[in-house]
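FYI, in this note's numbering the residues of the sequence shown are 99 to 637. Glycine residues also receive a C-beta, built at the ideal position from the N, C-alpha and C atoms. Please read all numbers here as calculations on a predicted model, not as lab measurements. Report on the following structure.
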Amino acid sequence: MALPNINPTTTEAWRKLQAHYNDTKNLHMKELFAQDSDRANKFTIKWDDFYVDFSKNRITEETINHLLQLADEVKLKEAIQCQFSGEKINQTEGRAVLHTALRAPKTSAFYVDGVNVIPEVYLVKQKIERFTNDIVNGNRKGYTGKAFTDIVNIGIGGSDLGPAMVVESLQYYKNHLTTHFVSNVDGDHVNEVIKKLNPETTLFVVVSKTFTTQETLSNANTIKAWFLKSASEAEIAKHFVAVSTNIESVKHFGIAEDNIFPMWDWVGGRFSLWSAVGLTISLAVGYNNFNALLSGANKMDEHFKNEDFKSNIPVILALISVWYNNFFKAESEAVIGYSQYLNQFATYLQQGTMESNGKSVDRNSNPINYETGTLIWGEPGTNSQHAFFQLIHQGTKLIPADFIGFAKSLHGNQDHQDKLISNFLAQTEALLNGKTEDDVVSEGTKSEIIPFKIFKGNKPTNTIFINKLSPESLGKLIAMYEHKIFVQGIVWNIFSYDQFGVELGKQLASKILKEFGESNISNHDSSTLNLLNYYNNLR
Ligand code: F6P
């Protein structure tokens with residue numbers, strides 16, 4: 099069974115949404131709140147330790163009904179079934195998409211080509227658990243007999259962003275091991291990390307699904323050469339492990355077979371932190387916490403799979419985002435975590451969202467004439483309030499924003515927590531209501547300054563309020579966005595699980611790399627040629 103492939107703009111719901119948009123585009127949310135005292139309750143989903151309030155959006159009950167009809171007309175239910183049942187929904191690469199299997203219970207069954215993958219998943223999980231315990235407890239030691247103190251994750255894209263974001267988000271739960279991440283092919287990146295390391299006590303985790311990625315192999319080779327300045331070839335086995343689908347190339351690199359943590363082609367790079375790609379997470383916070391992250395994600399999977407669409411968190415968030423993207427023509431969405439721990443969350447989501455849904459050909463191979471993937475950006479609150487919030491409040495662009503907050507602070511400083519949460523709540527209220535001319539006048543503002551102090555308000559936000567940041571709640575949050583990405587891909591009728599768009603630049607870079615130091619270079623546009631020659635003279 100293939101994914102449905104319905105052009106959303108041909109649906110009845112789309113036509114209704116267009117007419118509805120024309121009728122309601124100037125409605126102010128303030129009026130909607132004033133008209134309906136139950137609005138906040140109607141547009142809030144309470145699930146587990148999540149409180150998701152989407153009432154501060156430019157929507158009415160009619161909007162939600164039309165959006166739900168759209169979900170039905172593009173056959174979202176069938177698409178979800180296709181995904182969970184292991185159909186090859188990554189059609190352009192001929193692969194199933196089953197990151198959900200990585201966090202499913204041992205008793206479940208997920209089939210790829212008729213084979214249940216769960217036993218294999220659990221074998222690898224067992225290997226991760228044993229290895230983690232050996233490193234954390236100091237049973238497994240480095241080549242001079244000392245316990246490990248540092249872990250270096252060498253990978254890029256999905257082999258870096260997920261683990262790096264989770265390790266940072268869960269640093270409260272961290273053990274004594276210090277973790278480092280090397281991703282960029284920029285040699286200064288790897289050298290800055292190397293500066294901090296002692297080869298005797300450092301474990302290197304080379305993460306590359308394909309084991310062909312230039313950045314990762316360059317960094318791994320540089321680190322290996324540095325390591326071999328103090329240790330022998332035979333000692334690589336004690337200090338280097340790899341996560342990959344490409345076992346032969348890993349062995350060729352010099353990593354012992356026993357030190358390879360396999361993954362599968364049905365796990366997309368940007369959805370892979372739940373697999374052995376998350377080994378650094380497990381090492382940093384311990385296997386039990388890693389497992390709790392997975393079970394949180396599994397709870398969200400169950401919610402997504404089983405909940406009625408009208409109270410289904412990822413479905414509702416995805417549909418509201420389509421409403422802004424395709425009807426209001428909002429170009430971007432901000433994601434603001436009111437927790438410093440979520441510092442890398444938006445960066446992580448950028449790959450998940452933009453690599454998945456930055457497509458312009460539909461599932462019928464036709465060029466698309468409507469908007470697809472949104473731009474994602476953000477920084478933690480309150481820092482971002484003192485950076486880019488001015489533009490969200492008073493700029494000309496419509497920027498829907500997700501506000502993510504945790505009711506309990508981890509270190510328990512209630513004074514700070516109250517201040518943080520007061521800002522978290524105040525910002526969405528300010529974005530909703532704005533500030534009228536009357537308000538500005540009543541503050542005694544000089545008349546020539548009045549226009550500058552008016553806030554129109556009517557700026558949409560979702561509030562995702564979670565009891566506490568824990569491995570489990572973080573797992574739910576990440577899975578929530580993964581499913582939102584999936585739903586949007588279905589609505590937009592695109593393939594969300596390939597990423598051909600990153601190939602062209604790679605190909606040209608390897609061509610240009612060969613041209614450094616050459617005198618006879620042609621076959622480039624004049625701008626690139628000038629730049630190439632400029633660099634050739636300086637290098
Ligand atoms: O950026 C393209 C990409 O293929 C991502 O999808 C992936 O996460 C990243 O490169 C790294 O790939 P690999 O894990 O194979 O090194």
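message: Between which residues of its own chain and LYS604 is the CB-CB distance below 8 Å, once the five residues before and five after are set aside?
response: Here residue 604 corresponds to residue number 506 of the sequence shown, with the count starting at 1. Cβ within range, chain order: GLN312.
task: May I ask you to list the residues that DSSP assigns as paired with LEU301?
output: Position 203 of the sequence shown holds residue 301. Per DSSP, ILE249.
message: Is ILE233 near ligand 1 - that is, is its Cβ less than 7 Å away from at least one heavy atom of it?
response: On the sequence shown, residue 233 is found 135 positions in, with the first residue counted as 1. Checking every heavy atom of ligand 1 against the Cβ of ILE233, none is found closer than 7 Å.
- prompt: For the region 154 to 204, which segments carrying the alpha helix (DSSP H) assignment without a break, of at least 4 residues, lie completely within its bounds, in sequence order?
  reply: 159 to 171 and 174 to 182
task: Determine contact between the region 329 to 346 and the region 272 to 283, defined as no fewer than three beta-carbon pairs at a distance below 8 Å.
output: no
- prompt: Which stretch, first to last residue, makes up the alpha helix (DSSP H) that contains LEU130?
  reply: Translated into the one-based positions of the sequence shown, residue 130 becomes position 32. Unbroken alpha helix (DSSP H) run through LEU130: 127 to 133.
- request: Taking VAL264 and LEU629 to be in contact with their CB atoms under 8 Å, please state how far apart those CB atoms are, rounded to whole angstroms.
  value: Numbered from its first residue, the sequence shown carries residue 264 at position 166. Numbered from its first residue, the sequence shown carries residue 629 at position 531. In fact, because the Cβ distance is near 38 Å, the residues do not count as touching under 8 Å.
query: MET99 and GLU185 look like a contact to me (Cβ under 8 Å); what is the Cβ gap, rounded to whole Å?
result: Within the sequence shown, numbered from 1, the residue matching residue 99 stands at position 1. Within the sequence shown, numbered from 1, the residue matching residue 185 stands at position 87. The Cβ separation is near 5 Å, so the contact holds.
message: Rounding to the nearest angstrom, what Cα-Cα distance links VAL339 and LEU200 in this structure?
response: Numbered from its first residue, the sequence shown carries residue 339 at position 241. Numbered from its first residue, the sequence shown carries residue 200 at position 102. Cα to Cα, VAL339 sits roughly 20 Å from LEU200.
- prompt: If you draw a straight line from the alpha carbon of ALA607 to that of TYR633, how long is it in whole angstroms?
  reply: Along the sequence shown, one-based indexing puts residue 607 at 509. Along the sequence shown, one-based indexing puts residue 633 at 535. Roughly 14 Å separates the two Cα atoms.
field: Between the CA atoms of GLU266 and ALA428 - distance to the nearest angstrom
entry: In the sequence shown, residue 428 corresponds to position 330, counting from 1. In the sequence shown, residue 266 corresponds to position 168, counting from 1. Distance between the alpha carbons of ALA428 and GLU266: 30 Å.
Limits of the unbroken alpha helix (DSSP H) element including GLY376: The residue you call residue 376 lines up with position 278 of the sequence shown. Taken as a continuous stretch (DSSP letters only), GLY376 belongs to no alpha helix (DSSP H), as it is neither H nor E.
- prompt: Is GLN597 near ligand 1, judged by its Cβ being under 7 Å from some heavy atom?
  reply: Working through the sequence shown from its first residue, we reach residue 597 at position 499. Answer for GLN597: yes, Cβ within range of ligand 1.
query: Does any heavy atom of ligand 2 sit closer than 7 Å to the C-beta of ARG637?
result: Of the ligands this structure carries, namely ligand 1, none is ligand 2.
- prompt: Beta carbon of GLY253: closer than 7 Å to some heavy atom of ligand 1?
  reply: By 1-based counting over the sequence shown, the position of residue 253 is 155. Flag set: Cβ of GLY253 near ligand 1.
field: the region 491 to 510 contacting the region 452 to 470, beta-carbon criterion three pairs below 8 Å
entry: no
message: Threshold first: 3 residues or longer. Then list the beta strand (DSSP E) segments lying entirely within the region 387 to 450, N to C.
response: Those beta strand (DSSP E) runs which fall completely within the region 387 to 450 and span 3+ residues are 430 to 436.
message: At a cut-off of 7 Å, would you count ARG156 as near ligand 1, judging by its Cβ distance to the nearest heavy atom?
response: The residue given as residue 156 occupies position 58 in the sequence shown. Checking the Cβ of ARG156 against ligand 1 gives no.
- prompt: Taking the alpha-carbon positions, what's the LYS408 to GLY255 distance?
  reply: Within the sequence shown, the letter at position 310 stands for residue 408. Within the sequence shown, the letter at position 157 stands for residue 255. For LYS408 and GLY255, the distance between alpha carbons rounds to 34 Å.
query: Since VAL305 contacts GLY253 with CB under 8 Å, what's their CB separation in whole angstroms?
result: The residue you call residue 305 lines up with position 207 of the sequence shown. The residue you call residue 253 lines up with position 155 of the sequence shown. Right, the Cβ-Cβ distance comes to about 3 Å (below 8 Å), so this counts as a contact.
query: What are the boundary residues of the alpha helix (DSSP H) that includes LEU221?
result: Translated into positions along the sequence shown, residue 221 becomes position 123. Here the alpha helix (DSSP H) through LEU221 covers 216 to 234.
- prompt: Is the distance from the Cβ of GLU469 to the Cβ of ASN531 below 8 Å?
  reply: Locating residue 469 in the sequence shown gives position 371, counting from the first residue. Locating residue 531 in the sequence shown gives position 433, counting from the first residue. GLU469 places its beta carbon 8 Å or farther from that of ASN531.
- prompt: What residue from THR451, ASP248, PHE614 and PHE351 has the CA that sits closest to GLY260's CA?
  reply: Sequence index remark: in the sequence shown, residue 260 carries index 162 (1-based). It is THR451.
- prompt: Near GLN167, which residues of its chain fall below 6 Å by C-beta distance, leaving aside the five closest residues on each side in sequence?
  reply: Residue numbering aside, residue 167 sits at position 69 when the sequence shown is read from its first letter. Answer for GLN167: ALA111, listed in chain order.
query: Given MET529, which residues of its chain have a CB within under 6 Å of its CB, disregarding the five upstream and five downstream residues?
result: Position 431 of the sequence shown, counted from the start, is the residue given in the question as residue 529. Correcting the residue type first, residue 529 is Leu in the shown sequence and not Met. Only LYS557 and THR559 meet the Cβ criterion.
- request: Excluding the 5 residues preceding and the 5 following ASP363 in the sequence, name in chain order all residues of the same chain whose CB lies nearer than 7 Å to its CB.
  value: As a working note, residue 363 is residue 265 in the sequence shown. Hits under 7 Å: ARG193 and THR343.
task: Could you check which residue in SER257, LEU415 and ASN319 has the C-alpha nearest to that of ILE143?
output: On the sequence shown, residue 143 is found 45 positions in, with the first residue counted as 1. Here the closest residue by C-alpha is LEU415.
- prompt: Any idea what DSSP makes of GLY503, helix, strand or coil?
  reply: Taking the sequence shown and counting its residues from 1, one reaches residue 503 at position 405. GLY503 falls in the strand class under three-state DSSP.
- request: Look up TRP145 in the DSSP assignment and say whether it is helix, strand or coil.
  value: As a working mapping, residue 145 is identified with position 47 in the sequence shown. Correct three-state label for TRP145: strand.
query: Can you give the beta carbon distance from PHE309 to VAL250, rounded, assuming they're within the 8 Å contact cut?
result: Taking the sequence shown and counting its residues from 1, one reaches residue 309 at position 211. Taking the sequence shown and counting its residues from 1, one reaches residue 250 at position 152. No, PHE309 and VAL250 are not in contact; Cβ-Cβ is about 17 Å, not under 8 Å.
query: Considering THR276, what are the terminal residues of the beta strand (DSSP E) in which it resides?
result: If you number the sequence shown from 1, residue 276 lands on position 178. Start and end: 276 to 280.
task: Would you kindly report the start and end of the unbroken alpha helix (DSSP H) that includes THR561?
output: By one-based count along the sequence shown, residue 561 stands at place 463. Careful: THR561 lies outside any alpha helix (DSSP H), inside the beta strand (DSSP E) at 559 to 566.
message: Between the region 153 to 166 and the region 110 to 127, can you find at least three pairs of beta-carbon atoms closer than 8 Å?
response: yes
query: Going by beta carbon distance, what residues of the same chain come within less than 7 Å of PRO465, once the five residues before and after it are set aside?
result: Position 367 of the sequence shown holds residue 465. If we look at PRO465 and ignore the five residues flanking it on each side, its Cβ neighbours are SER458 and VAL459.
message: Contact between the region 366 to 378 and the region 312 to 326 is defined here as three or more beta-carbon pairs at a separation below 8 Å; is this criterion met?
response: Counting Cβ pairs under 8 Å, fewer than three are found: no touch.
message: On the CB-based measure, 16 or more other CB atoms within 10 Å of its CB, does SER206 come out buried or exposed?
response: Here residue 206 refers to the residue found at position 108 of the sequence shown. Flag for SER206 reads exposed.
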